[in-house]
Amino acid sequence: MSKSEQLFAEAQQYIPGGVNSPVRAFRAVGGTPLFIRRAEGAYLYDADDKRYIDYVQSWGPMVLGHAHPDVIEAVVEQAQSGLSFGAPTELETELAEELCRLWPNMDLVRFVNSGTEATMSAIRLARGYTGRDKIVKFEGCYHGHSDSLLVKAGSGALTMGVPSSPGVPASLADHTITLNYNDADGVRQCFDEIGDQIACIIVEPVAGNMNCIPPLPGFLETLRQVCDQHGALLILDEVMTGFRVSLTGAQGHFGVEADITTLGKVIGGGMPVGAFGGKREIMEKIAPLGPIYQAGTLSGNPVAMVAGLETLRLVQEPGLYEDLTAKTDRLVEGVLAAAREAGIPLTANRAGSMFGFFFTDEPQVSNYQQVMACDNERFNRFFHGMLAEGVYLAPASYEAGFMSAAHSDKDIEDTIAAARKVFGQLG
Ligand code: PMP
Numbered sequence: 152m153s154k155s156e157q158l159f160a161e162a163q164q165y166i167p168g169g170v171n172s173p174v175r176a177f178r179a180v181g182g183t184p185l186f187i188r189r190a191e192g193a194y195l196y197d198a199d200d201k202r203y204i205d206y207v208q209s210w211g212p213m214v215l216g217h218a219h220p221d222v223i224e225a226v227v228e229q230a231q232s233g234l235s236f237g238a239p240t241e242l243e244t245e246l247a248e249e250l251c252r253l254w255p256n257m258d259l260v261r262f263v264n265s266g267t268e269a270t271m272s273a274i275r276l277a278r279g280y281t282g283r284d285k286i287v288k289f290e291g292c293y294h295g296h297s298d299s300l301l302v303k304a305g306s307g308a309l310t311m312g313v314p315s316s317p318g319v320p321a322s323l324a325d326h327t328i329t330l331n332y333n334d335a336d337g338v339r340q341c342f343d344e345i346g347d348q349i350a351c352i353i354v355e356p357v358a359g360n361m362n363c364i365p366p367l368p369g370f371l372e373t374l375r376q377v378c379d380q381h382g383a384l385l386i387l388d389e390v391m392t393g394f395r396v397s398l399t400g401a402q403g404h405f406g407v408e409a410d411i412t413t414l415g416k417v418i419g420g421g422m423p424v425g426a427f428g429g430k431r432e433i434m435e436k437i438a439p440l441g442p443i444y445q446a447g448t449l450s451g452n453p454v455a456m457v458a459g460l461e462t463l464r465l466v467q468e469p470g471l472y473e474d475l476t477a478k479t480d481r482l483v484e485g486v487l488a489a490a491r492e493a494g495i496p497l498t499a500n501r502a503g504s505m506f507g508f509f510f511t512d513e514p515q516v517s518n519y520q521q522v523m524a525c526d527n528e529r530f531n532r533f534f535h536g537m538l539a540e541g542v543y544l545a546p547a548s549y550e551a552g553f554m555s556a557a558h559s560d561k562d563i564e565d566t567i568a569a570a571r572k573v574f575g576q577l578g
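Following the numbering used here, the numbering of the sequence shown begins with 152 at its first residue and continues without gaps.
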């Protein structure tokens with residue numbers, strides 16, 4: 152029995168399914184989740200001290216790689232001054248100022264503790280600001296697990312086969328309209344019919360919770376247009392894409408303006424942080440300035456703030472995003488070539504340092520239906536083959552992969568060599 156198997160058995164005695172977030176349980180791919188003891192740079196080390204090249208990177212936050220010495224030093228130093236005060240610190244202002252400086256249309260920003268909180272609060276703000284109840288989201292997009300947003304969601308909600316969770320009141324879910332990602336005509340039609348009832352559209356500007364699906368040309372622009380025409384707000388959920396697709400996320404990359412932006416993951420450098428921010432006149436409606444309530448005991452936590460500040464300082468080093476994109480391209484091209492050599496039909500998508508592979512004959516995958524039609528069984532065998540070769544991919548075919556600044560050329564070559572070997576065994 153491996154140490155992970157032993158630890159998983161123990162965990163299941165006290166924690167539902169042995170995990171604190173469902174997708175970690177390896178339900179989709181089968182087998183036992185790795186229990187991780189430590190991580191450094193591009194590598195995870197499991198409880199048996201086996202090393203893996205990691206393309207999950209804690210599901211996105213670790214864009215610099217794990218345990219960057221400068222981030223760790225900042226965290227350790229700050230921790231010695233106290234872990235939480237429940238009162239303002241200048242660190243919050245510093246991080247807020249940095250976000251407002253870098254991001255277009257971000258005049259004010261509020262920190263929370265997770266992406267879920269960020270999107271939940273952004274939705275409340277949009278509803279309160281517009282005085283409307285209905286929201287539009289897209290099938291396969293995941294925005295955390297708050298009630299209004301857990302309707303036809305992606306990520307773990309897809310692998311569980313519960314697109315809408317029990318416990319979400321039907322009367323609330325009624326206000327969530329779910330449309331097809333990348334279907335601009337569907338969006339126009341919906342707004343033509345009931346545009347005056349819609350508070351907001353929330354969208355992942357690159358979908359990363361149904362594998363990796365970039366927006367088709369014109370899709371995000373259409374969202375902006377219909378929101379302007381009908382007085383609705385556009386929420387770009389950049390929890391995953393922020394500081395990952397580019398320094399200014401998908402907004403900078405695709406040139407689309409949000410009314411409210413949600414952030415998380417990278418801005419906490421591995422600590423629990425989320426944020427929502429946007430135009431002044433909208434953000435001024437939040438308490439204590441305005442009547443829309445939102446709060447948090449640990450929000451703006453000082454240790455989390457310094458991890459974010461240090462991470463954002465480091466990602467602004469010249470060339471970092473160019474290098475990440477080039478490495479992602481090399482990895483994707485190499486794996487595609489290895490699949491071709493082995494006669495395995497494989498398609499890939501990428502956006503900045505996000506990528507995804509699809510076991511399909513289709514030359515392009517750009518919506519949820521196509522993702523669902525991919526060969527999951529083959530992905531699962533690929534996943535376990537790669538794991539045996541020391542490469543850690545997300546344990547479900549509905550998740551994006553992530554490159555970090557710490558991955559070396561050799562790590563990428565080793566990954567491609569592992570893929571070549573595993574494709575040879577897939578048949
Ligand atoms: N929005 C997006 C786009 C996400 O990818 C996620 C998490 N993967 C969330 C929101 C929720 O964030 P958290 O898990 O921190 O609550």
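C-beta: ideal position from N, C-alpha, C; glycine also.
Per DSSP, the unbroken alpha helix (DSSP H) holding residue 455 starts and ends at 453 to 466.
At least one heavy atom of ligand 1 lies closer than 6 Å to the C-beta of residue 388.
Within the DSSP secondary-structure output, residue 190 pairs in a beta bridge with 195. By alpha-carbon distance to residue 388, the top candidate from 382, 399, 381, 379 is 399. Here residue 288 really is in contact with residue 294; their C-beta atoms are around 7 Å apart, less than 8 Å. Fewer than three pairs of CB atoms, one per stretch, sit closer than 8 Å, so the region 266 to 276 makes no contact with the region 374 to 381. The three-state secondary structure of residue 490, taken from DSSP, is helix.
Rounded to the nearest whole angstrom, the C-alpha separation of residue 380 and residue 465 is 40 Å. Taking 7 Å as the cut-off, the beta carbon of residue 419 is found no closer than this to the beta carbon of residue 382. Within a 10 Å sphere around the beta-carbon of residue 368 sit fewer than 16 other beta-carbons, which makes this residue exposed.
In this structure, residue 176 keeps its C-beta atom at 7 Å or more from the C-beta atom of residue 167. Taking all protein chains shown into account, residue 501 has 16 or more neighbouring C-beta atoms within 10 Å of its C-beta and is therefore buried. The region 239 to 251 makes no contact with the region 482 to 501; the number of CB pairs closer than 8 Å stays below 3. If you check the CB distance, residue 573 and residue 510 do not come in under 7 Å. In terms of side-chain proximity, the C-beta atom of residue 267 is found nearer than 6 Å to a non-hydrogen atom of ligand 1. Residue pairing by DSSP places residue 202 opposite 196 in a beta bridge. Counting only unbroken stretches of 3 or more residues, the beta strand (DSSP E) elements lying wholly within the region 241 to 283 are 259 to 263, in sequence order.
For residue 345, the enclosing alpha helix (DSSP H) covers residues 335 to 345. Between residue 158 and residue 543, the CB-CB gap reaches or exceeds 7 Å.
Around the CB of residue 504, 16 or more other CB atoms lie within 10 Å, so the residue is classed as buried. Beta-carbon to beta-carbon, residue 557 and residue 193 are separated by about 4 Å, close enough to satisfy the 8 Å threshold. A check of alpha carbon separations from residue 202 across 562, 568, 577, 576 identifies 562 as the nearest. A Cβ-Cβ distance of about 4 Å is found for the pair residue 212 and residue 416, placing them in contact under the 8 Å criterion. In the displayed model, residue 500 falls within a strand according to three-state DSSP.
Between residue 266 and residue 551, the CB-CB gap reaches or exceeds 7 Å.
The nearest non-hydrogen atom of ligand 1 is 6 Å or more from the C-beta of residue 361. Counted as a single uninterrupted DSSP element, the alpha helix (DSSP H) harbouring residue 323 occupies residues 321 to 324.
Residue 278 sits away from residue 335, with the two beta carbons spaced by 7 Å or more. For residue 305, the Cβ stays outside the 6 Å cut-off from all heavy atoms of ligand 1. Not a single heavy atom of ligand 1 lies less than 6 Å from the C-beta of residue 428. Contact annotation, residue 386 with residue 409: C-beta distance approximately 7 Å; criterion of less than 8 Å satisfied. Counting along the chain, residue 378 sits inside the alpha helix (DSSP H) bounded by residues 370 to 381. In this structure, ligand 1 has no non-hydrogen atom nearer than 6 Å to the beta-carbon of residue 219. In the structure shown, residue 288 falls within a strand segment according to DSSP collapsed to helix, strand and coil. Looking only at 305, 576, 284, 560, the smallest Cα-Cα distance to residue 475 is reached by 560. Take residue 163, set aside five residues on each side of it, and the residues of its chain with a beta-carbon closer than 7 Å to its own are 169, in chain order.
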